[in-house]
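In structure tokens form, the structure reads like this:
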């Protein structure tokens with residue numbers, strides 16, 4: 411069975427996140443959602459998440475879209491979770507270009523054969539976490 415994997419903050423889950431998860435799941439038989447640790451959210455977005463990592467995991471789990479929901483690696487850029495879960499494809503959101511670039515370099519450096527995909531946005535003018543949290 412083919413597996414897709416996504417990374418995300420999913421802070422205050424909204425329709426855009428659900429669209430992203432649904433489209434990512436269409437790429438494989440199973441979907442694994444990796445939720446960012448609180449400390450990463452604070453480091454990358456320069457602010458604390460509205461909901462803690464466990465609440466964000468539970469919210470993603472409650473959608474019923476992902477087959478498995480896990481916390482991200484303890485160290486950014488190691489992609490240990492990718493090695494553990496062995497996905498066939500990694501789906502990135504339209505706003506995750508920096509992460510996608512880093513990951514693509516990582517798979518090249520490690521001689522891995524993992525496909526990547528970018529999911530188009532779902533009404534980003536309306537469903538973007540930074541807009542919804544204002």
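In the numbering used here, the protein residues as written are 411 to 544.
The C-beta atom is built at its ideal place from N, Cα and C for all residues, glycine as well.
(1) Output the boundary residues of the beta strand (DSSP E) element that contains residue 500.
(2) Does DSSP put residue 478 in a helix, in a strand, or in coil?
(3) Just reading off the beta strand (DSSP E) that residue 440 is part of, what are its end residues?
(4) Return the chain-ordered list of same chain residues with a C-beta closer than 6 Å to the C-beta of residue 423, the five sequence neighbours on each side being excluded.
(5) Work out the CA separation of residue 417 and residue 438 for me, nearest whole Å.
(6) When we look at the beta-carbon of residue 518 and count the other beta-carbons within 10 Å, is it buried (16 or more) or exposed?
(7) Please report the residue range of the beta strand (DSSP E) in which residue 412 lies.
(8) If you draw a straight line from the C-alpha of residue 525 to the C-alpha of residue 478, how long is it?
(9) Just the Cα atoms here: how many angstroms apart are residue 485 and residue 447?
(10) Determine, using beta carbons only, whether residue 412 and residue 498 come nearer to each other than 8 Å.
(11) Can you name, in chain order, every residue of its own chain whose Cβ lies under 6 Å from the Cβ of residue 531, other than the five neighbours on each side?
(12) Assuming the contact rule is C-beta atoms closer than 8 Å, residue 475 and residue 415 should be a hit. Round their C-beta distance to whole Å, please.
Working from what's here:
(1) The count along the chain shown starts at 1 and reaches residue 500 at position 90. Element bounds for residue 500: 499-503.
(2) Locating residue 478 in the chain shown gives position 68, counting from the first residue. The three-state secondary structure of residue 478, taken from DSSP, is strand.
(3) For the purposes of this step, residue 440 is taken as the residue at position 30 of the chain shown. Note, residue 440: beta strand (DSSP E), 440-445.
(4) Position 13 of the chain shown, counting from 1, holds the residue named residue 423. So the list reads 469, once near-sequence residues are dropped.
(5) By one-based count along the chain shown, residue 438 stands at place 28. By one-based count along the chain shown, residue 417 stands at place 7. If you take the alpha carbons of residue 438 and residue 417, they lie about 15 Å apart.
(6) Reading the chain shown from its first residue, position 108 is the one you call residue 518. Only exposed fits residue 518, as fewer than 16 other CB atoms lie within 10 angstroms of its CB.
(7) One-based indexing of the chain shown puts residue 412 at position 2. Counting along the chain, residue 412 sits inside no beta strand (DSSP E), nor does DSSP assign it H or E at all.
(8) One-based indexing of the chain shown puts residue 525 at position 115. One-based indexing of the chain shown puts residue 478 at position 68. Spanning the two alpha carbons is a distance of roughly 19 Å.
(9) Along the chain shown, one-based indexing puts residue 485 at 75. Along the chain shown, one-based indexing puts residue 447 at 37. About 10 Å.
(10) For the purposes of this step, residue 412 is identified with residue 2 of the chain shown, where counting begins at 1. For the purposes of this step, residue 498 is identified with residue 88 of the chain shown, where counting begins at 1. Cβ atoms of residue 412 and residue 498: closer than 8 Å.
(11) Here residue 531 corresponds to residue number 121 of the chain shown, with the count starting at 1. 504.
(12) Within the chain shown, numbered from 1, the residue matching residue 475 stands at position 65. Within the chain shown, numbered from 1, the residue matching residue 415 stands at position 5. Their Cβ separation, rounded to whole angstroms, is 13 Å, which puts residue 475 and residue 415 out of contact at 8 Å.
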